Structure formats: C-alpha cells, structure tokens
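Q: This is the structure I have questions about; it appears just below.
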Amino acid sequence: MATPASVHAHAPQGFIRKYIFSLDHKVIGIQYFFLALTAVFVGMFLSLLMRIHLIWPTASLPLVGTIQPETYLSLLTMHGTIMVFFVLTTAPQGGFGNYFLPIQIGAPDMAFPVLNMLSFWTTFVGFVVIICAFFVTGGAPLHGWTGYAPLSALPSAGPGEQLGADLWITSIAIFCIASLLGALNFLTTTLDMRAKGMTMMRMPLTCWSWFITAILGLLAFGVLLSAGILLLMDRNLGTSFYVPLVVVNGQVMGHKGGSPLLWQHLFWFFGHPEVYIAILPGMGVTSQILSTFSRKPIFGYRAMVYAMLSIGFFGFMVWGHHMFMSGMSPYSAFAFSILTMCIGVPSAIKTFNWLGTMYKGRIRFSTPMLYAIGFVSLFVSGGLSGPFLAQPVLDIQLHDTYFVVGHFHLIMGVAAIFGIFAATYYWFPKMFGRMMNETWGKLHFFLTLAGTYAIFMPMHYLGMAGQTRRYSQFTEVAYQTKLLPLQTFMTYAAFITIAAQLIFVINLFWSMFKGPKASDNPWESTTLEWTTSTPPPHDNFGGVTPVVHHGPYEYGVPGAAKDYVMQTDPATSTAH
Amino acid sequence: MSNATLEHGAVEHGMPGAYEAPLFGAYSKKVGMWLFLASDSLTFGALLFAFSYNRIYTAWPTPFHAASIANATIMTACLLSSSLTMVMAVFAAQRGDRAWTRNWLLATMVFGTAFIVLHGMEWTKLIGEGLTIPGFPKPASAAAGELADVSKNVPQFPATFFGLTAMHMLHVTIGVIYLGVVAFRKWFLPVLGVLWIAGYFLIPSDNVFHYGVHALGLGLLVAAIILFLKPKDYDAHDVEVAGLYWHFVDLVWMFIFPLVYLMSTRIS
Amino acid sequence: MHDVAKHDDSKAQYFWVWGALLVLTAVEVVLGYKQIFEPVRMLEALLVLSVIKSALIIGYFMHLKFETAIMRWLLVTAVVGCFIIMYFFFFPDAGRILNLGVH
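Protein chains in written order, with my numbering: chain A, 1 to 576; chain B, 1001 to 1268; chain C, 2001 to 2103.
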C-alpha cells in the first residue's frame, strides 16, 4: 500500500524523530549502512567458522563448540542469505543510494519519505527475524541461500528445516516487501525530482545504476514474494506446489504432484536479476570514482548507460543458466546459454570504458581510486569464468564444485564489496564530515585485495580438480584429501583478510570522531553532492534548488579555470 | 525558505522552473502507485504461472457446479460495479465535492465487502464439502464426497484454488481498508478494530476465517502507523491513487475468474 | 497542476465501459457453460476476453489511456515482457515433465 507523498517541512526535533524514526533520506541511508555493516560482520563470522570446519572438522571452538556437519550447512545457508540480502542488496542501494541519489539529482528528499522510513524498518525486522533462526529449536535452515525444494519444503528433512526454515522464508518475504517499496521510491524520485537542467543524460552514472537496480528490484522481488508464499503454504498448510511424492527416512510424506523445478524457475527469475542488483551500484560508483580520480571525463558516457540498461534487460532472460543441472528442457538451456553469453558484450564495453577512462589520465591514487581499480580487477577475473559456466556442457562438470563458488564470490561477492568500500572511502567525508585515514585505508586495500584473491582464486583449481561444494568434511574422503593443503592455505588467507577488515572498522569509527575535518569538496569532484556543505543540511541544499548546466564528468576541460567544471557552474565557463 | 522548496519538491510539480519536467508527466504518488502495481502484477503473474505449471500436467478436475459459478459471477459483477463507483468517487473528489467523494468511496467499500463476504461463504461451503488442503481446520462434513476425492487425488487443485483466491482476497481486504482510511481517516480505525475482534469471536474456530480475520488486525496496525506518521486530509490525488489500486484488484480478478472457475465448470 | 479532469471524457463513457465489462463477463460464463470449444480453444478464448477486459480496465478506469506515451509504453512493455519471458521458459519444462512421466 503506498503512502501519501509529501515531505516533512521542518527539520525534526528530538532524538527519536531525528535519528531513529527519521524521515530524512540521509539518516535512513546511514541506518541502512550500519545495518549492512552489522550484517557483513555476522556473515563474515559465519564464513570464518566454515573455513575452520573445513580443515579442522573435529576442533572444539570457544563459544560454538564442535561444528557438526549439519551445522556447517546452516552456516552456509545463513552466510549466503545474510550476505546477499542484507549486505549486497542493502548497503549499495539502500545505504549509499538512499543517501546520495536525491542529492546527486538535486532533490530535497526522496519522493516518499514515510515509505522510505517504513522500507528501512521493514528491512530491519527482516534482519531480526533471520537472526532469530539461529536460536530456535533445530537451529538455522540447511537448504542454502537458494532454498531448493523439496529440502526447504519439508520440515522433517533435517534439524534446521523446522521453525528455522519458516523464519528464513518469512524474513525473505519481509525483505521482498521492503525492497520493492524501496525500489518504487527510487524510481519515482529519479523520474520526478531531478533539478532543473538535470536531464536523464546528465545524471551521474551512480544515479543511473541505482535507477536500473531499482527497476530490477521492482520487477524481481514481487516474483520471489509469491514463490516464498507458496513455499510457506507447502510447509505449513500441506500443499504440494514444489513437492513431488517424496520419502523421508522411509516415511512417505503427504505431498504429491508438485514440481521442484517450479521453485527453481521462480527463485532464479528473481535470483539472476538479484545478482545485478548487487553489482550494478558497484559499477556506477566505480565509474564515478575512476573519472574523478583520473581527472578525465568518463569514457563513453552514453555507452555506459546503454551497457547498464542492456545488462539489466538481459538479466531477466538468463536465469536458466543456474539450472543447467536441474533437468530443465535442453532447448531452453541452449537459449539461456546464448543469452548469457550476450551479457558478456555490455560487460566488456563497461570494462574497456573503465580502462579508457584511466588511460593517460592524471591518476590520483587515493583509497577510493584503489578500490575502484580493485573492482575492475575483480570484475574481470571473476567475470571471465562466466562464459565457461554459460556453456551447459562445461557447467554440468563445474556446477557443483568450488569453481562456481570462486566465480560468484569474485564477481558478485567481493567485487560488490569493493564497490561498497570504494563508496565508503569516497563519500565518507560528505556523510560524516571528516576524512578517513589514507595510510590505514591503503593498507586495508592491499591486504583485502591480496587476501580475497588468495581465498577465491584457488577455488577455481579445486573445482576443476573435482572438489564439490557444500561438503563439510573433505578430511574423510580419500581422494579429496590430496587437495587439503590448498584448503588450508585458503583458511589462513581468510584469517588474514578478516583481520584486515578490523583495520577498516577501526579506521571508520576513529575517523568518524577524530579524523581531520573535511572540506566541502575534498576530491575536487563535479557532481551535486559536492556543491553543498559537509555534511549536507536537512533539505540538502539549504533552501535553494540547484540548477544544472553541465554533464556529470567534466574534468580536464580545455580553457576552463580549474581542471574540473562543477555541474552547477554557469554555462558560459565552457563551450558545451 | 526551505519549507516552500520541500513542499514543492515531492507534492506538486506546478512551480515552473525549479525542476525538470517529470518523465512520466504525472505527480509522484501516481507514478509510485503505478510502479507498485507493475510489481504486484508480477507477484500475481508468478502465482498464475505456478497455477498453470501445475494445471498443465495433471488430469484437472472440473468440480464447480452451477451454484459456485453463479456465486462467482455475482462476485465479478460486484467488483466491476465497485470499479464504477470508484471512478465516480474520483470525479467527485476532483470536483471538490467531499460529501459525494465519501459516499462513492463508501459504495465502493460496500461492493468490496460484499465480494469478500460472498467469497468467504463460498470458501466455507467448499471446505465443508471437502475441497480443502491439509493445513485448514476441517469441519466434520468435509470427510467424504466428490470434492473430498478431488482434494485427495489432485491436491494441486485446492492448493492453487485457495492460494490464488486467498492472495486476491487479501488484496481486496487491503483495498477496502485503504479506501476506508482515505474516506474516513482515523475514524475508520475503530470500525476496523471492532470488525477484527467481532470476526475473531463470532467465526467458529473450525472455520479458516477464524484465523484469516487477523489480516484485519495487521491492516489496523499498518493503517495506524501511517495515520500517526502522516495525519493529513486526503485530496483528489489520494483518491485517484487509491482508485488505481482498487481497479488493479478488479483487474486481477478478471484473470482469476476464468482460469480458476470457468475452466473447471462441471456440466451436469 | 496535473489535472485528470481536463480530458474531454464524460461520465457516460465509464458506464459504457462498465456495461461492456459486464457483457464480456456474461459471454465468458456462457462460454464456460456451453463448452462450445475443446478445453485448449476455450482457454484461448477466455484469455483473449480477459485481456480485452483488462485493457478496458487499465485504459479507462485506471486512466492509462490518458497518460503520457512514455509511461504507457514503459509500464506495459516491462510487465508484459516479463510475462512473455516467463511463458517461453516455464512451459517447455512443465510439458516436458508430463512427457517424462514424473508425477
């Protein structure tokens, strides 16, 4: 149900209305950011437990004790779900999108501030519900973040499949509602509230990426919502949408006639756009930062926009490449394979444009820039394995191995996280009014880059060597033990990488209170958020509505007084 | 100073010069509602695909006798007429005629409620005759009969029937609450509360609506939160946006009715 | 200010649309009863009628006919496009399961 749109006129007074139940998109953006920060540490802790269990399966750990094989599956499920939904979807779109979309297009707030607040608090409830799944009888679910039926549909299928799985689905459904309300808010804001002169083709690429992400979210989350409702019905009302005649522990279940493939279709119809929901904002931020710190206009602005649009468009037609193993029609598999490889074209366009942007630029290697370059690096090395997996023939070999784990962690996991880091280092001065420490930032970058490559690159080799995903104990399988040294190496790399994230957190909180004061435009950037004060006032521009005369990336303009032209500079300063 | 900007920014785009023309040429609320409906139509689309996916490979029963079809036809007519009264409400709101806006909205709500009640009775009758899914409370009469056989042999039939129509009924219920809030604002909340509690105590516990009535409680909560956050008078735009939602609910039924009912007609 | 009442539409046309929708519903019910067509034809006929009805509702009641062209086209193509994609990929599988005999 949509709420009426209008904006609170006065800056709210009182702690609760100002910081907790705030309608200000900036406060809500920061709330999303901290929610994602909490979630990422929960998710990272779970992955640490998994890595430890893989090489020391019988070790007794403080607090958690010895991890059982089924607990390993719970960890895997919750790691995936929390990371995909509450980090990769929440931070770039809900966090930075919420904070900077209105500012970058020159609007005083989102189109529907009340709805915006409700979106955040709905997301928050979703997060609380999924965390509760750890503490109920049976513990967290076992079915992976994809929740494949019939495992996810049968409460008797495993210890975590009781109340934990219900909470999991409920949390996902709540998240769906929050995200689609958020998405329509983003879309309406972008369509309706651009300042004078801010035509669609003058929007920064970040805004374009949030806009396209919102389109994907709007069309995809509704489908997951109904898939989740049907799954809840299967679990609690005994229907058989996804469950065929099935026997668990020698007992015939009361279901018959359903199709597990239906769940896979509905899930991946959402799931593949979700991959782009995670990565597109990272692309936008990378474009913005590469252009700013290379002091050059973005190479091929229009090509970038069209590439993102076509990635979004194709994103809806390729979900079947997750299902080559499922017994899907081979004719569909063929079509999905071709369409999947088509996505390589816009992705390559983007990569070459990023390289073209940096080529012969006067590059300033600040921390945001390093992370943006890291994003491009990970995008390439993770993306190149994509065309392999797009071949049904190869995919059948590689699908349930570590190859896929390495692939999606590099491109969707770590690359998107690098986008988030780049955005954090880049916008931190605007959000909190202080600069982050560069030395610690660079140390964090190099440790994280080296660490993530050290964790995820060997996975490709493991996969090709035949090491399967989702197995909890390789120590017990004779032919797999040969590969254990590599797993051990990855676990040590994970220790170092996770330790490096503590540098980030310390840097973040230390700089928030003790960092040097930031000027209004510390990076000499051109977009609208850098024209207002730091941090921005309640209505973003202090009562004036900016008027835009320039494109977003006018750096190194010949004949201009400075090497950059703000979007709001008068039109006469350059031939345009 | 800033107040004028803010008020202007999201509510109207009448002030020339400060903003680019909105791309869709409509005020924000309407665009937002259209986008929500696009998303919601995919939610229903996915349900209908799930229905068809099951329908396509099962020997599908045709158990609906004339009484059910007649009932469903009356329900359809109710919804269509409610759409007409909704259009009238929008016209009245645009004239600035508050009394008639409220009257027409009330008429729409009456038609909507009639739809829900008729549908609820239909459900109760079908469940009583044995068309049911395992999770529903079962009255004693549901044990045997033709429809009980259908439930046993083709569980997909009751599952898709109840799944689709429940989702639609939920949307109609939300719609009635939405219209009630637009028409009567906070004075609608006590009515909702009374209906919720009365429904819970008056509907016997072997009837599924004994539990389903809690949707009203949830609606009460959400409506109260929204009214608390934005206590305002609803204008013609709000009525029009509410109308969009209402017509959409009508639209969805135009697909559910033929697919679920008419394709399963029993000719005796 | 955007004003929907500015269109030269009288109230009468909404009554006509309402009448048309009722008549189409009646036609559907009659089709359901008479069963002139075999089931697949019948499904097609019903769906065509439903699409016409929904077009009437969207176009007139929901006023999409009077919105800007870009809004009309973007909304309709996005949603219809998704349905078409789903249709082309879902049903080969559903039918294939039938042929494989997995029930």
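Heads up, the beta-carbon is just placed ideally off N, CA and C, and yes, glycines get one too. Remember, it's a predicted structure, so these values are computed and weren't measured experimentally.
Take F2088 (chain C) as the anchor and find which of B:T1101, B:A1066, B:S1052, B:D1097 has the nearest alpha-carbon.
A: Cα-wise, what sits closest to F2088 (chain C) is B:S1052.
Q: I need the straight-line Cα distance from A5 (chain A) to P57 (chain A), nearest angstrom please.
A: Caution applies to A5 (chain A), whose pLDDT of 37 falls short of 50 and renders its modelled position unreliable; the value that the coordinates give is listed next. Their Cα atoms are separated by approximately 55 Å.
Q: Is G441 (chain A) near A415 (chain A), with beta carbons less than 8 Å apart?
A: Contact: no.
Q: Buried or exposed: which applies to Y1245 (chain B), given that a residue is buried once 16 or more other Cβ atoms fall within 10 Å of its Cβ?
A: Y1245 (chain B) comes out buried.
Q: Could you check the C-alpha separation between G164 (chain A) and G80 (chain A) for me, to the nearest Å?
A: Roughly 15 Å separates the two Cα atoms.
Q: Within 10 angstroms of the Cβ of T1076 (chain B), are there 16 or more other Cβ atoms? Answer buried if so, exposed if not.
A: So T1076 (chain B) counts as buried.
Q: Measure how close the beta-carbons of F489 (chain A) and P458 (chain A) come, nearest whole angstrom, since I'm counting them as under 8 Å.
A: Right, their Cβ atoms sit about 7 Å apart.
Q: Roughly how many angstroms lie between the CA atoms of F1257 (chain B) and A1072 (chain B), to the nearest whole one?
A: Roughly 7 Å between the two C-alpha positions.
Q: Three Cβ pairs or more, each shorter than 8 Å: is that satisfied between the segment 278-298 of chain A and the segment 306-313 of chain A?
A: Verdict: yes, contact present.
Q: Which residues, taken in chain order from the segment 257-272 of chain A, show a beta carbon closer than 7 Å to some beta carbon of chain C?
A: For the segment 257-272 of chain A, which is checked against every Cβ of chain C, the residues closer than 7 Å are G257, S259, L261, H265, F269.
Q: Taking C-alpha atoms, which residue in A:M308, A:D109, A:L245 lies nearest to N1153 (chain B)?
A: Closest option to N1153 (chain B), Cα to Cα, is A:L245.
Q: Let's see if you can read the secondary structure: which residues bound the alpha helix (DSSP H) around V223 (chain A)?
A: From DSSP, the alpha helix (DSSP H) with V223 (chain A) extends over 205-236.
Q: Alpha carbon to alpha carbon, what distance is there between T199 (chain A) and T491 (chain A)?
A: Taking the straight line joining both Cα atoms gives about 49 Å.
Q: According to DSSP, is A195 (chain A) helix, strand or coil?
A: It is a strand residue.
Q: Is there a Cβ of chain A sitting closer than 8 Å to that of I2085 (chain C), yes or no?
A: I2085 (chain C) counts as touching chain A.
Q: Does V1181 (chain B) pass the burial test, meaning 16 or more other C-beta atoms within 10 Å, or should it be called exposed?
A: Buried, by the Cβ-count rule.
Q: Could you give the first and the last residue of the continuous alpha helix (DSSP H) run that contains F267 (chain A)?
A: Segment 260-294, the alpha helix (DSSP H) holding F267 (chain A).
Q: Rounding to the nearest angstrom, what Cα-Cα distance links M584 (chain A) and F513 (chain A) in this structure?
A: Past the edges of chain A, shown from 1 to 576, lies residue 584 (chain A), and the structure says nothing about it.
Q: Answer yes or no: do Y72 (chain A) and K26 (chain A) have a C-beta to C-beta separation smaller than 8 Å?
A: No, the pair does not count as a contact, with Cβ atoms beyond the cut-off.
Q: Within the same chain, show all residues whose beta-carbon is closer than 7 Å to that of R1266 (chain B), passing over the 5 residues directly before and after it, in chain order.
A: Closer than 7 Å at Cβ, skipping near neighbours: T1062, P1063, F1064, H1065.
Q: Between F1036 (chain B) and chain C, is there a C-beta pair that is closer than 8 Å?
A: With 8 Å as the cut-off, F1036 (chain B) does not count as an interface residue toward chain C.
Q: Who are G65 (chain A)'s beta bridge partners in DSSP?
A: Paired residues: A:L61.
Q: Tell me which residues share the same chain as N521 (chain A) and place their Cβ nearer than 6 Å to its Cβ, disregarding the 5 neighbours each side in the sequence.
A: If we look at N521 (chain A) and ignore the five residues flanking it on each side, its Cβ neighbours are W530.
Q: Determine the closest residue to S1083 (chain B) out of C:W2018, C:Q2035, C:A2012, with distance taken between C-alpha atoms.
A: Closest option to S1083 (chain B), Cα to Cα, is C:W2018.
Q: Can you give the Cα-Cα distance for Q93 (chain A) and K2053 (chain C), rounded to whole angstroms?
A: About 38 Å.
Q: Could you tell me whether any Cβ in chain A is nearer than 8 Å to the Cβ of Q1094 (chain B)?
A: So, not an interface residue.
Q: Over what stretch of residues does the alpha helix (DSSP H) that includes M2042 (chain C) continue unbroken?
A: Where M2042 (chain C) is concerned, the enclosing alpha helix (DSSP H) stretches over 2039-2056.
Q: Nearest-angstrom Cα distance between V2102 (chain C) and L231 (chain A)?
A: Bear in mind that a pLDDT of 47 at V2102 (chain C), under 50, signals an unreliable position, so the number given afterwards is only what the model happens to contain. In a straight line, the C-alpha of V2102 (chain C) is about 20 Å away from that of L231 (chain A).
Q: Listed in chain order, which residues of the segment 544-571 of chain A have Cβ atoms closer than 9 Å to some Cβ of chain C?
A: Hits within the stretch: zero.
Q: With the cut-off set at 8 Å, would you say T367 (chain A) and F445 (chain A) are in Cβ contact?
A: The answer is yes: Cβ separation under 8 Å.
Q: Count the other CB atoms within 10 Å of the CB of E2067 (chain C); is the residue buried (16 or more) or exposed (fewer)?
A: E2067 (chain C) is buried by the Cβ-count criterion.
Q: Is the CB of Y1211 (chain B) under 8 Å away from at least one CB in chain A?
A: Cβ-Cβ to chain A under 8 Å: no for Y1211 (chain B).
Q: Using only alpha-carbon positions, find the residue among A:T123, A:G320, A:G238, A:I169 that is nearest to I229 (chain A).
A: Ranking the options by Cα distance to I229 (chain A), first place goes to A:I169.
Q: To which residues does DSSP link T401 (chain A) through a beta bridge?
A: Bridge partners of T401 (chain A): A:T468.
Q: Taking C-beta pairs closer than 7 Å, name the residues in chain C that T316 (chain A) reaches, listed in chain order.
A: The residue asked about is misnamed: residue 316 (chain A) is Phe in this sequence, not Thr. By Cβ distance, chain C contributes C2082, I2085.
Q: Could you tell me if the beta carbon of I2058 (chain C) falls within a distance shorter than 7 Å of some heavy atom in the ligand NAP?
A: Of ligands this structure carries none, so the ligand NAP is not represented either.
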